[in-house]
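See below for the structure under consideration.
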Amino acid sequence: MYKQHRLISLILTFLLMTLVGLFRYSSGYLAQIDLIIIIGVIILSLFLSWRQLFLVALMIILVVGFSLIFLTDQTFSNQFDLIQEHVLLSATILLIWVISAVVKQREKRYFEQALRLKTLEKFQGTTELLTEAEFKSRVHLIQSGTSRRQEHNTVVIVNVHSKTFTKNAMHHYISDVLQHTIREEYDLIMRNHAGHYIIFLQNANKAGVEKVAERFFAAIRPHLNEIDLPVTYTCYGEEDFDFDTLTPIKVGDDR
Amino acid sequence: MIYLLYVIMAFFWLMLIYYSVLTLAGVYRRLKKVDDQPLALYPSVAVLIPCYNEGVVLKETLEAMSQLNYPGELNIYVLDDQSTDNTKAIAQAFMTTFSFIHYLLVPVTKHKGKSSVLNYGIAVTTSEYFCVFDGDNQPEPNSVMRLVHEAERTKKAGGAVGYVKTFNQSKNLLTRMIGLEFQVFQLLMQSGRYQLFKTGALAGTNMLLKRSVLAEAGGYDPVALAEDAELTVRIAALGYLLPVVHHSRTWEQEPEQLRALIKQRTRWLSGNLYLLEKSLYQFKFWKGRTFVHSMQHILTYLVFIVFLAISNVWFILGLIGYPLPVVGTPLLLIWFLSYVVYTAQIISAMVLESTLTPRNVAVGMIMYFTYAQLFLILLFKSLFQYITSRLRRKTIQWDKTKRYNKGDVQ
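Going down the list, the sequences are from chains S and V.
Per full-length UniProt numbering, the first sequence starts with residue 1, numbered consecutively.
Per full-length UniProt numbering, the second sequence starts with residue 1, numbered consecutively.
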């Protein structure tokens, strides 16, 4: 955050320098044109997205550049002055664009974070692979709701056995299928340090686990050549699983 | 003499205006959002990966391929052109695990190279579409699906062309420049030209084609060194479109050493010179949209180079004090605008790719004076090599781009 503040201050300083330079070197009607362009860009920056504003800035830089041909008296010193002015004007426009883009990006990030907060408040599941900390905190939140409603949750640990070359590919594939197999609204999934997948199935009994497993194996079988599928799983009731250490307390039901 | 100079300057002006308009059109097209609406029916696709000694990169390539997300029938074929490293072992490991990955050993052909390998791959597969990826490519999961979406939704499309990104861009100064050049090339040549003239160009990788269109075009030319550019012209001559899909992305490795880059680009430029020669005596290379491609070749590889040579001679004569006629033209401004247009293209590409960092901007600022000038040296080298081989009635041999391990020391 501190770095960003410093960056914005730096950009503002550069903007002031280019503005001073621009009006120091341009005079007469050229100074008026420059002023109109800069005010125009500032006004447009209020309405356009950062990408649209870039297109406008680019057009201005190119059009002004080509129009210098009609303004020059073809002496070396005059051409040099015009080039100097164009560089300062382009830099000013681009710096206004950068400031506008940074502000808009921050605004967008703020809205995204507000939305994420809202989503978290709903205590719902996710089909993304969660980090350990996220998984634990979400399980904790869900459990407080399910225990109130007297519902029972189940934990499934999935093990993937693969060969050296295909290990990463197999893990990508299995995690992708697992994420599409669980219920988006209710269940959670993570991968632990040992490479096993831990799935938290909300309000699910043994029959529910069977259904998920059936869906999962039906999805992977046509895509894998192995006769014995390289995946096994073990189920635990939530009371048989320690969510702090993410390890089972009792022996589970192997499949 | 003075009139020749006026013609040269008029040409440079036109080039500057053309590339400025192309930049704006490219930026406009790239701002369009992706359309991921699913199709009612998905055609079958064969992904062809021509390989020759790809052992150092193939595992990562196939890992990415195994994650391709496509709702229809998709099969991936590793076409091994008699590799001598562990390419076969890696491909077979994937084949024994995944039912949609296949390993095919390509028989020895008369003309060694990518074109012959692809012709073989097409002959032994039966899908409606085929998609080509180089052996070092790591496509994003939705890349093939997006190519198919666009090809199916565009009237008279012969296929579609995706976007190529550089995954080793931050390795060194050279790879950073190549990465930026690729972004610019795709912004201008692909997005801009498609926006203005509806002319997409096959990129050699991350490209999709209808099998029937390739059959109508007569397959890949086994002698062509820039097989993608050559096929593009023949497909355009048949009246088919090749829409550009910048949301379909693949990541590839670029040369990390100057020597490898010179080798690669000499081959590309020789391939383009072969195409230029073809276009000079074949009328079909100038029909309809093909005109844009052929014109681009003539202007870049013939007119531009001749005019540049003359202007360089003019400049040297001026330096040594030879009495030259005075021309009333703002030469300093022309030079400045060339720099502005070139750098504007680079900055635009950075903005669209969200790679606008202080380091990239600094590199972009010096590319006009360094990397861009390399093109001239390479073009003269290729020209010499091409003319020599034509005089000796020899075919230039296919030369594979060097691949690097992630941990290779520079």
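Ideal Cβ positions, reconstructed from N, Cα and C, are used throughout, including at glycine.
Since the model is a prediction, treat every value here as computed from it, not as a measurement.
Look at the Cβ atom of Ala-83 (chain V), then the Cβ atom of Asn-53 (chain V), and state whether they are nearer than 7 Å. Position 83 of the second sequence holds residue 83 (chain V). Position 53 of the second sequence holds residue 53 (chain V). The sequence shown places Ser at residue 83 (chain V), not Ala. Yes.
Exposed or buried, which one is Ile-101 (chain V) when buried takes at least 16 other CB atoms within 10 Å? Residue numbering aside, residue 101 (chain V) sits at position 101 when the second sequence is read from its first letter. By the 10 Å Cβ count, Ile-101 (chain V) comes out buried.
Considering only C-alpha positions, which residue in the set V:Phe-285, V:Val-117, V:Glu-252 is nearest to Ala-217 (chain V)? Counted from its first residue, the second sequence places residue 217 (chain V) at position 217. Nearest C-alpha to Ala-217 (chain V): V:Phe-285.
Can you list, in chain order, the residues of the segment 90-103 of chain V whose Cβ is nearer than 7 Å to any Cβ on chain S? Taking 7 Å as the upper bound on Cβ-Cβ separation, chain S lies near residues Ile-90, Ala-93, Phe-94, Thr-96, Thr-97, Phe-98, Ser-99, Phe-100 of the segment 90-103 of chain V.
Can you check whether the CB of Gly-162 (chain V) is closer than 7 Å to the CB of Ile-235 (chain V)? Mapped onto the second sequence, residue 235 (chain V) falls at position 235. Mapped onto the second sequence, residue 162 (chain V) falls at position 162. No. Outside cutoff.
Per DSSP, which residues does Ile-387 (chain V) bridge with? Please list them. Numbered from 1 along the second sequence, position 387 holds the residue referred to as residue 387 (chain V). In DSSP, Ile-387 (chain V) forms no bridge with anything.
To the nearest angstrom, how far is the alpha carbon of Glu-85 (chain S) from that of Phe-23 (chain S)? Taking the first residue of the first sequence as position 1, residue 85 (chain S) is located at position 85. Taking the first residue of the first sequence as position 1, residue 23 (chain S) is located at position 23. Each residue's alpha carbon lies about 9 Å from the other.
Tell whether a beta-carbon distance below 7 Å holds between Ala-91 (chain S) and Trp-50 (chain S). Counting from 1 along the first sequence, the entry for residue 91 (chain S) is found at position 91. Counting from 1 along the first sequence, the entry for residue 50 (chain S) is found at position 50. Taking 7 Å as the Cβ cut-off, Ala-91 (chain S) and Trp-50 (chain S) do not qualify as a contacting pair.
Using the beta-carbon of each residue, which ones in chain V are nearer than 7 Å to Asp-187 (chain S)? Walking along the first sequence from the start, residue 187 (chain S) turns up at place 187. Result: empty, since nearest Cβ-Cβ is about 21 Å, beyond 7 Å.
Helix, strand or coil at Gln-253 (chain V) according to DSSP, with G and I counted as helix: Translated into positions along the second sequence, residue 253 (chain V) becomes position 253. Note: Gln-253 (chain V) maps to coil in three-state DSSP.
Just to confirm my understanding: we take Tyr-80 (chain V), look at its own chain, exclude 5 residues before and 5 after, and list those with CB closer than 8 Å. What are they? The residue you call residue 80 (chain V) lines up with position 80 of the second sequence. A small correction: the amino acid at residue 80 (chain V) is Asp; Tyr does not occupy that position in the sequence shown. Same-chain partners within the cutoff: Cys-51, Tyr-52, Thr-87, Lys-88, Ala-91, Tyr-103, Leu-104, Leu-105, Val-106.
Closer than 8 Å by C-beta to Val-209 (chain S): which residues in its own chain qualify, once you throw out the five before and the five after it? Chain order, please. For the purposes of this step, residue 209 (chain S) is taken as the residue at position 209 of the first sequence. If we look at Val-209 (chain S) and ignore the five residues flanking it on each side, its Cβ neighbours are Thr-154, Val-156, Leu-201, Cys-235.
Output, in chain order, the set of chain S residues within a Cβ distance shorter than 7 Å of Pro-330 (chain V). Sequence index remark: in the second sequence, residue 330 (chain V) carries index 330 (1-based). Result: Ile-69, Thr-72, Gln-74, Gln-79.
Residue nearest to Gln-67 (chain V) in terms of C-alpha spacing, selected from S:Lys-108, S:Phe-111, S:His-171: By one-based count along the second sequence, residue 67 (chain V) stands at place 67. For Gln-67 (chain V), the nearest C-alpha among the options comes from S:His-171.
Short CB-CB distance (under 7 Å) between Lys-59 (chain V) and chain S: Along the second sequence, read from residue 1 onward, the residue named residue 59 (chain V) stands at position 59. True, the Cβ-Cβ gap to chain S drops below 7 Å.
Is Thr-166 (chain S) close to chain V, meaning its C-beta is less than 7 Å from at least one C-beta of that chain? Position 166 of the first sequence, counting from 1, holds the residue named residue 166 (chain S). Yes, Thr-166 (chain S) counts as interfacial toward chain V.
Since Ser-44 (chain V) and Glu-128 (chain V) should fall inside the 8 Å C-beta cutoff, what is the C-beta to C-beta distance between them, to a whole number of angstroms? If you number the second sequence from 1, residue 44 (chain V) lands on position 44. If you number the second sequence from 1, residue 128 (chain V) lands on position 128. Right, their Cβ atoms sit about 5 Å apart.
Test item: CB-CB of Leu-275 (chain V) and Glu-227 (chain V) under 7 Å: Within the second sequence, the letter at position 275 stands for residue 275 (chain V). Within the second sequence, the letter at position 227 stands for residue 227 (chain V). Not a contact, by the Cβ cut-off of 7 Å.
Going by CA-CA distance only, name the one from V:Leu-173, V:Ile-316, V:Tyr-19, V:Thr-109 that's closest to Ser-191 (chain V). Along the second sequence, read from residue 1 onward, the residue named residue 191 (chain V) stands at position 191. Nearest of V:Leu-173, V:Ile-316, V:Tyr-19, V:Thr-109 to Ser-191 (chain V), Cα basis: V:Tyr-19.
I need the DSSP call for Gly-162 (chain V), collapsed to helix, strand or coil. Translated into the one-based positions of the second sequence, residue 162 (chain V) becomes position 162. Gly-162 (chain V) falls in the strand class under three-state DSSP.
Taking the alpha-carbon of Gln-282 (chain V) as reference, which of V:Leu-337, V:His-246, V:Ser-294, V:Ala-40 has the nearest alpha-carbon? For the purposes of this step, residue 282 (chain V) is taken as residue 282 along the second sequence, with counting starting at 1. Comparing Cα positions, the closest option is V:Ser-294.
Specify the secondary structure class of His-246 (chain V) as computed by DSSP and reduced to three states. Taking the first residue of the second sequence as position 1, residue 246 (chain V) is located at position 246. Of the three classes helix, strand and coil, the one that applies to His-246 (chain V) here is strand, per DSSP.
Beta carbon of Val-164 (chain V) nearer than 7 Å to that of Glu-63 (chain V): Mapped onto the second sequence, residue 164 (chain V) falls at position 164. Mapped onto the second sequence, residue 63 (chain V) falls at position 63. Cβ distance not < 7 Å, so Val-164 (chain V) and Glu-63 (chain V) don't count as in contact.
If you draw a straight line from the alpha carbon of Leu-187 (chain V) to that of Gly-135 (chain V), how long is it in whole angstroms? Reading the second sequence from its first residue, position 187 is the one you call residue 187 (chain V). Reading the second sequence from its first residue, position 135 is the one you call residue 135 (chain V). Approximately 24 Å between the Cα atoms of the pair.
Return the CA-CA distance between Lys-400 (chain V) and Asn-168 (chain V), expressed in angstroms with no decimal places. In the second sequence, residue 400 (chain V) corresponds to position 400, counting from 1. In the second sequence, residue 168 (chain V) corresponds to position 168, counting from 1. One C-alpha to the other measures close to 18 Å.
Pull up the DSSP beta-bridge partners for Asp-242 (chain S), would you. As a first step, residue 242 (chain S) must be located in the first sequence, where it is residue number 242. According to DSSP, which records beta bridges pairwise, Asp-242 (chain S) is partnered with S:Thr-247.
Measure from the C-beta of Val-351 (chain V) to each C-beta in chain S and report whether the shortest distance is under 7 Å. Here residue 351 (chain V) corresponds to residue number 351 of the second sequence, with the count starting at 1. Cβ-Cβ to chain S under 7 Å: yes for Val-351 (chain V).
Counting only beta-carbon atoms, is Leu-22 (chain V) nearer than 7 Å to chain S? Your numbering for residue 22 (chain V) matches position 22 in the second sequence. Output row for Leu-22 (chain V): interface = no.
Quick one: what's got a C-beta closer than 6 Å to Ser-162 (chain S)'s C-beta in the same chain, skipping five residues either side? Within the first sequence, residue 162 (chain S) is the residue found at index 162, counting from 1. If we look at Ser-162 (chain S) and ignore the five residues flanking it on each side, its Cβ neighbours are Met-170, Pro-230.
Could one say the Cβ of Phe-283 (chain V) lies closer than 7 Å to chain S's Cβ atoms, at least one of them? Position 283 of the second sequence, counting from 1, holds the residue named residue 283 (chain V). Cβ-Cβ to chain S under 7 Å: no for Phe-283 (chain V).
Per-residue burial, Arg-221 (chain S) [other beta carbons within 10 Å of its own, 16 or more giving buried]: Here residue 221 (chain S) refers to the residue found at position 221 of the first sequence. Exposed, since its Cβ has fewer than 16 Cβ neighbours within 10 Å.
7 Å Cβ cutoff, Tyr-197 (chain S) in contact with chain V: Residue numbering aside, residue 197 (chain S) sits at position 197 when the first sequence is read from its first letter. Closer than 7 Å: no.
Can you name the residues of chain S whose CB is closer than 8 Å to the CB of Gln-67 (chain V)? Taking the second sequence and counting its residues from 1, the one referred to as residue 67 (chain V) is at position 67. Going along chain S in sequence order, the residues near Gln-67 (chain V) (Cβ under 8 Å) are Ala-169, His-172, Tyr-173, Asp-176.
Option nearest Pro-243 (chain V) by Cα separation, candidates V:Leu-208, V:Leu-356, V:Tyr-322, V:Tyr-6: On the second sequence, residue 243 (chain V) is found 243 positions in, with the first residue counted as 1. Out of V:Leu-208, V:Leu-356, V:Tyr-322, V:Tyr-6, V:Leu-208 has the C-alpha closest to the C-alpha of Pro-243 (chain V).
Could you name the residues of the segment 336-351 of chain V whose beta carbon sits closer than 9 Å to any beta carbon of chain S, in the order they occur along the chain? Phe-336, Leu-337, Val-340, Val-341, Ala-344, Ile-347, Ser-348, Val-351
Under 7 Å, do Gln-79 (chain S) and Pro-141 (chain V) count as touching if we go by C-beta distance? On the first sequence, position 79 is the one that residue 79 (chain S) refers to. On the second sequence, position 141 is the one that residue 141 (chain V) refers to. Result no, Cβ atoms of Gln-79 (chain S) and Pro-141 (chain V) do not sit closer than 7 Å.
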